[in-house]
Each structure stands twice: as structure tokens, then as C-alpha cells.
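Engineer: Below you'll find the structure I mean.
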Amino acid sequence: MDKVIFIVCDGLGDRPIAELNRKTPLEAAYTPNLDKLAKGGISGAMNTIDIGIKPGSDTAHLSLLGYDPNTYYTGRGPFETSGIGMEMKVGDVCFRANMGTIDRDLIVIDRRAGRIDDTSEFANLFNNTAIDGVTFLLKKGTGHRVGLIMRGKGLSANISDADPHKLGVKLLEVKPCDDTKEAKFTAKILNKFIRISFLKLKDLPSNKKREKENKLPANCFLIRGAGMFPKIPSFKEKYGLRAVGIAGAGLYKGIAKILGMDTPNIKGATGKPDSNLNAKIEKVIELFDQYDFFFVHFKAADTLGEDGDYQGKIKYIEKIDRAIKPLLDFKDTLVVVTADHSTPCYLKSHSADDVPVTIYGKHVRDDDVDRFNERECAKGRLGHIKGLNLMPIIIDLMGLAELFGA
Ligand code: ZN
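Residue numbers for the sequence shown, in my numbering: 1184 to 1589.
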């Protein structure tokens, strides 16, 4: 059976850029190795969710890995809490949160508490807080971030954010987004937690000390992105494959973990443009005998797109190209390269534009595409597919598809 190396280049797709003679960064980049994959593979254009739908990274990854986000996506929270290694149970309501600064009138002064770099004291202080039968679990995330879980009976994730997402306005009261008693109860308890935590945090000695040092106090949790931890079959249960997630950024580790993949630490993998991409491919080589499916995530093309930095995006794509060179020599392996969505430098945000996809391997019916980019891949044999089509195609190429009929 072929193994699969499944590479997602976050935000890779783009639109024509005038300064690049109307090429996209991927078209303008020098990518001999990606082009060899396209030449020896089948290519296509793909909308990871659906045509005209602008995907989030979380929903797009679920779809790419064969999990319908309409069934399994309930909000960002569970992926964040999973990404920082919190253990979750079905029915938990999970959130992402920042440590922020508010004044006595609850007006948000800073959404990162002066870019505080360690929130462990604050997370630990409120970890295991119980309010009306609901337990709050907290753990520090990277920098100013905190993971927060509500655990108890009768909870709902259909509630609004406390974080107003901007400065100079009042912290929001959490509201139920439907008429159920679960949503009303969850909102009420969360508002209580926010009040209790503010009263404790504002007088905390370490915050008094921060104020004396002219630093902003970390006196509130800016809570957002409620999602209920879903009952979701693992990758092993769904496909019978031993899978590993090789990623630097928390969200993508979180997605891999929720699907039951192992997520080893990768030295120098930061999720930023300076990330050590070679170390990710070296990890694939190191673990090659232990797994059947390798989900490899490269983050920064997305970040550079959001910065509008098309030159940086070109350089980063060329860095990906150099890193994946060893994969050309792998035997009995399908190498899949694609993106979760486009992040055009012109828009500085995600877009619904389709993304290129190539499946390279000895037994695929290769087509005439010989460059890996948006325009060329769209001419390939795969045609125009959706994200949820990709895993069934891969499973069939592996010879594992179930017969429909007799
Ligand atoms: Zn993304």
C-alpha cells in the first residue's frame, strides 16, 4: 500500500499582481520541485468548502481531511484548546481567550495586556473554578493567549463573544444566540465567571506590580470563539490509517489531535516565515515506517498574504519548494500538495478563489500539467473538485476504496 504525504500550504492561492506582470506569487516563484510533482502527477483546481464560499482555515482543513465541516464544526474554540494540549470531553464548550486590559468602566484598553508573554499565573489561578455545577478549566497558550473550557451538564456553544474585538468599547455581555435553556444557562454562567475573574484580577499583587512598572495589568479574559467539542471519528476509525500531524502553529496541531493524529514536536517549527521547513520533512523521513499518512502543514504563505507582502510570499514559496525536494525520491508514496484557501496579497484576507492541487505518485494517471500553480493545475485531469472529494480520491488511489454496489 502506498503511503501518503499530504502537504497543506496555508493561504497559498493568490490573484494576479500588476507588479508581477499579472502573475500570482506562486506563478512568479521558482519552483522546480513542485513543478516536478505536477509533471508526474494529476492536478486540478479545488474549492475546499464550496464554490464561492470563503473558507476559514479550521473548516477548510476539516474538509480537506474528509470531515464535513457542516457536521463537525461548531466553532474555533475546540481546535485552540486541543492545540495547547488540553484534554477535552464530548460536550465541553471550548473557547479561545486573550488576557486583556480593561478600565473600571469595563472599557477595553488593550486586547493583549501590553503583549504579556506568560499567562500561566492567571490561567492557574482560575483553573478548576466551579460555578453552579460548571467547572472552568484554563491553560496558558502562547504569549497573551489562554485556553478555556466549560465542563458540565446542559451547556451550549451557541453564545456570543465577550471580546468586542476592538479597543475603546465596553466588554460585551455574553448573550444566548438561540432560545434554548442550554444557551441561556451557558451565557449566564460565563458572565458570572467574567465578573468574578475581573474582581480578583484587578487587585492581584502581580497586576499591582505591573501597574507600578508602568505596564498594563492583565485584568480580564477576552473570551471568544465558543465551540462544543464534537463526537468525531478518528482518522484511524474513518480510514484505518495511522496518521501523524506535522505542524508548528497551534490551530493545526489542534486539528490533527482532534482527529486522533499524533503530533510530535518539531524543532524550529514556529508557524512563522522563519520556520524550519526542512525539519518538518526530516520528521517525515524519521517517522516514515511508523505511519501511513503524514499531514504536513506550512503556515506562512497565509500570513504574508495577509500582510500584502507578495515578495515575501514568493520567497516563502521557494523555501517550501527547496524543503520538499527529498519527497521526489520516495518510493510507493503519494505526495499531495495543496492549500486550505487563497489569501490574495491584494485583499490581505482569505478569499473564495479556488486553490491548486496535485497528487504525485507512480500509479496515478498523470496529465499534461507541468507547473504547480493556480492557472496550470486548473487544466489538469482532476478537473474542478471540492475539498471533501480529495480524501476519497486519495483512498481510491491507495486501493482502499469500498465498492459501491456488487
Ligand atoms: Zn488557512
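For every residue, glycine included, the Cβ atom is placed at its ideal position computed from N, Cα and C.
#1: Just tell me which of Pro1527, Arg1328, Asp1553, Asn1390 has its CA closest to the CA of Arg1298.
#2: Tell me, please, which residues DSSP counts as bridged to Asp1293.
#3: Can you tell me the Cα-Cα spacing of Ser1534 and Phe1555, whole angstroms?
#4: Below 7 angstroms, is the gap between the Cβ of Ala1432 and the nearest heavy atom of ligand 1?
#5: Would you give the residue range spanned by the alpha helix (DSSP H) that Met1574 belongs to?
#6: Measuring only from the beta carbon, is Asp1197 closer than 7 angstroms to any heavy atom that is part of ligand 1?
#7: Between the C-alpha atoms of Arg1505 and Gln1473, what's the straight-line distance to the nearest angstrom?
#8: Ends of the beta strand (DSSP E) at Val1467?
#9: Indicate whether Lys1322 and Ile1267 have their beta-carbon atoms separated by less than 8 angstroms.
#10: Rounded C-beta distance between Phe1424 and Phe1476? I'm assuming under 8 angstroms.
#11: Mind checking which residues open and close the alpha helix (DSSP H) that includes Tyr1529?
#12: Please list the segments of the beta strand (DSSP E) lying wholly inside the stretch 1222-1257, counting only runs of 3 or more residues, in order along the chain.
#13: Verify the contact flag: Gly1648, CB atom, against every heavy atom of ligand 1, threshold strictly below 7 angstroms.
#14: Under DSSP, the beta strand (DSSP E) around Phe1513 begins and ends at which residues?
#15: Assign Met1184 to one of two classes, buried (16 or more other C-beta atoms within 10 Å of its C-beta) or exposed (fewer than that).
#16: Can you give me the Cβ contacts of Tyr1499 inside the same chain, cut-off strictly under 7 angstroms, excluding the 5 residues immediately before and after it?
#17: Cα-Cα, which of Ile1232, Pro1208, Ala1201, Gly1260 is closest to Ile1438?
#18: State the start and end residues of the unbroken beta strand (DSSP E) segment that holds Tyr1543.
#19: Measuring straight from C-alpha to C-alpha, what distance separates Asp1553 and Gly1223?
#20: Taking the beta carbon of Thr1453 as the centre, do at least 16 other beta carbons fall within 10 Å, making it buried, or is it exposed?
#21: Does the beta-carbon of Leu1534, which I'm using as the reference point, lie nearer than 7 angstroms to any heavy atom of ligand 1?
#22: At a threshold of 7 angstroms, does Val1480 count as lining ligand 1 (C-beta to nearest heavy atom)?
#23: Taking only beta-carbon positions, decide if Val1291 is within less than 8 angstroms of chain B.
#24: Nearer than 7 angstroms: is that true of the beta carbon of Ser1240 relative to any heavy atom of ligand 3?
#25: Just verifying my parser: in three-state terms, what is the DSSP assignment at Thr1312?
#26: Can we say the stretch 1282-1293 touches the stretch 1401-1410, given the rule of at least three CB pairs closer than 8 angstroms?
#27: Taking its Cβ as the centre, do 16 or more other Cβ atoms sit within 10 Å of Asn1382, making it buried, or is it exposed?
#28: Who pairs with His1480 in a beta bridge, going by DSSP?
#29: Are Ala1345 and Arg1294 closer than 8 angstroms when you measure CB to CB?
Structural biologist: A quick look at the data gives this:
#1: Answer by Cα proximity: Arg1328.
#2: Looking at the DSSP assignment, Asp1293 forms a beta bridge with Thr1284.
#3: Each residue's alpha carbon lies about 20 angstroms from the other.
#4: Checking the Cβ of Ala1432 against ligand 1 gives no.
#5: First-last of the alpha helix (DSSP H) with Met1574: 1570-1580.
#6: Incorrect: Asp1197 has no Cβ contact closer than 7 angstroms to ligand 1.
#7: Taking C-alpha positions only, Arg1505 is separated from Gln1473 by approximately 25 angstroms.
#8: For Val1467, there is no enclosing beta strand (DSSP E); the residue is found in the alpha helix (DSSP H) stretching over 1460-1469.
#9: Contact: yes.
#10: Checking the sequence, you will find Leu at residue 1424 rather than Phe. Contact check for Leu1424 and Phe1476: beta-carbon distance about 4 angstroms, within the 8 angstroms limit, so the pair qualifies.
#11: Counting along the chain, Tyr1529 falls outside any alpha helix (DSSP H), and DSSP gives it neither H nor E.
#12: Runs of the beta strand (DSSP E) inside the stretch 1222-1257: 1224-1230.
#13: The structure shown has nothing for residue 1648, since the chain only spans 1184 to 1589.
#14: Phe1513 -> no beta strand (DSSP E), and no H or E assigned at all.
#15: It counts as exposed.
#16: The answer, listed in chain order, is Pro1456, Ala1483, Ala1484, Leu1487.
#17: Nearest Cα to Ile1438 within the set Ile1232, Pro1208, Ala1201, Gly1260: Gly1260.
#18: Taken as a continuous stretch (DSSP letters only), the beta strand (DSSP E) holding Tyr1543 covers 1538-1543.
#19: If you draw a straight line from the Cα of Asp1553 to the Cα of Gly1223, it is about 8 angstroms long.
#20: It counts as exposed.
#21: Here residue 1534 turns out to be Ser, not Leu, going by the sequence shown. Because no heavy atom of ligand 1 lies under 7 angstroms away, the Cβ of Ser1534 does not count as near it: no.
#22: For clarity, residue 1480 is His in the given sequence; the question names Val instead. No.
#23: The structure shown contains no chain B; it holds only a single protein chain.
#24: The ligand content of the structure shown is limited to ligand 1, which means ligand 3 is not among them.
#25: In the displayed model, Thr1312 falls within a strand according to three-state DSSP.
#26: Contact between the stretch 1282-1293 and the stretch 1401-1410 is present: three or more C-beta pairs spanning the two stretches fall below 8 angstroms.
#27: Strictly speaking, residue 1382 in this sequence is Leu, with Asn absent from that position. If you draw a 10 Å sphere on the C-beta of Leu1382, you find fewer than 16 other C-beta atoms in it, and that means exposed.
#28: Under the DSSP definition of a beta bridge, His1480 partners with Val1191.
#29: Using a Cβ distance threshold of 8 angstroms, Ala1345 and Arg1294 do not count as a contacting pair.
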